[in-house]
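Okay, structure first, notes after.
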Amino acid sequence: MGQWRVIKPRKGRLLLLTSLATFFLAVVYLLGWSSIFDIEEVQIRSGDEVNQSEIQARLTGVELGLDVGGSMARINTRAIEKFLQEDRWIGRVAVERNWLNGVVSITVSERTPLMSIERSAKSLGHVQVAREFIDDQGTLFTLPGDLASKYREVPALRLESDDLDTRLSALRLLAAIDQLLPTREITVTPISTLVSESQAGGSAGGESGSRWIEIKWGSGEEIELKRDVVIQLLEIKGNRSAKTIDVSNPALPIVR
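The sequence shown: position 209 = 211 (my numbering), numbered continuously.
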């Protein structure tokens, strides 16, 4: 009996591969060089118009492929994100491309200043003061002038040695007390005890009868308990003129 021989359709396979390669090259051309997918507009989104202007100025004149009329496919989203995050006041960056309308959207989430630190340095006989801010993660960052002025009222942090744990300790204290005891300053002493300058007898804004008192918290342990002790002490009529309250040991508070 004769045997059947299977003849591979080599011409058909070659034609298929050629067609696929042609299609691939056409797609690459359309995305990379054709004007069909050009950038029509670059939108910057952030929580504040001033911030948008700062970000726009930051991107101007930098080769990141964001020029109107450029190719959408040539945009390096990671490079844009990395470039913007060099400014530490910028937290997260998301770059999105709408291929249908040619719009590139850059969404920026700014770090929110919760406290500030002032640092002094001498230069040519003059003392220069630089102000840094702290967010909820304890990250230090600076703000451009116009933005910094918006946050001049955030509580000040004063410390001898600066490290992340120290900043986080101060932030935890602020979070625990600021609603009931509006605070304008927290000091971390050389022995890592916490002292706040807080408002009693009124709310932030200087209502009649309110005053600023010094509260010595000791360590960062049992802050909620210590806060409650302070509130109870302030409700006692004889303590209304107190200038200092020490709750380092909440079982034996000292009022002066």
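For every residue, glycine included, the Cβ atom is placed at its ideal position computed from N, Cα and C. Quick caveat, the model's predicted, so the values are computed rather than measured.
Between GLY93, LEU66, ASP165, which lies nearest to ALA81 when the distance is taken from Cα to Cα?
Per the Cα distances, LEU66.
Is it right to say ARG121 is buried, meaning 16 or more other beta carbons lie within 10 angstroms of its own, or is it exposed?
exposed
Does DSSP classify LEU227 as helix, strand or coil?
helix
Between the C-alpha atoms of ASP89 and LEU142, what's the straight-line distance to the nearest angstrom?
11 Å
State buried or exposed for GLN181, treating a residue as buried only when at least 16 other CB atoms are found within 10 Å of its CB.
exposed
So, does the region 215-225 touch the region 250-258, judging by three or more C-beta pairs under 8 Å?
yes
By DSSP, does GLU56 sit in helix, in strand, or in coil?
helix
Local Cβ density within 10 Å of TYR31, reported as buried at 16 or more and exposed below that
The predicted model places TYR31 with a pLDDT of 46, which falls under 50 and marks its position as unreliable, so this point remains unresolved.
Tell whether a beta-carbon distance below 8 Å holds between SER111 and ARG94.
yes
With a threshold of 16 other CB atoms inside 10 Å of the CB of ASP40, please say whether the residue is buried or exposed.
exposed
In chain order, what residues of the same chain lie with their CB nearer than 7 Å to the CB of TRP101, ignoring the 5 residues before and after it?
Contacts found: PHE39, MET74.
How is the beta strand (DSSP E) around ASP248 delimited, first residue to last?
246-248
Per DSSP, which residues does TRP214 bridge with? Please list them.
GLN201
Cutting at 8 Å between CB atoms, please list the residues of its own chain near ASN53, excluding the five before and the five after it.
VAL110, GLU112, LEU149
Given that a residue counts as buried once 16 or more other Cβ atoms are within 10 Å of its Cβ, and exposed if not, what is SER171?
buried
CB contact flag (VAL257, LEU235, <8 Å):
yes
Helix, strand or coil for TYR31 per DSSP?
In this prediction, TYR31 has a pLDDT of 46, which is less than 50 and means its spatial position is unreliable; nothing more can be read from the coordinates.
Cβ-based neighbour list, GLN58, same chain, cut-off 7 Å, excluding 5 preceding and 5 following:
ILE46
Taking the alpha-carbon positions, what's the GLY240 to ILE233 distance?
14 Å
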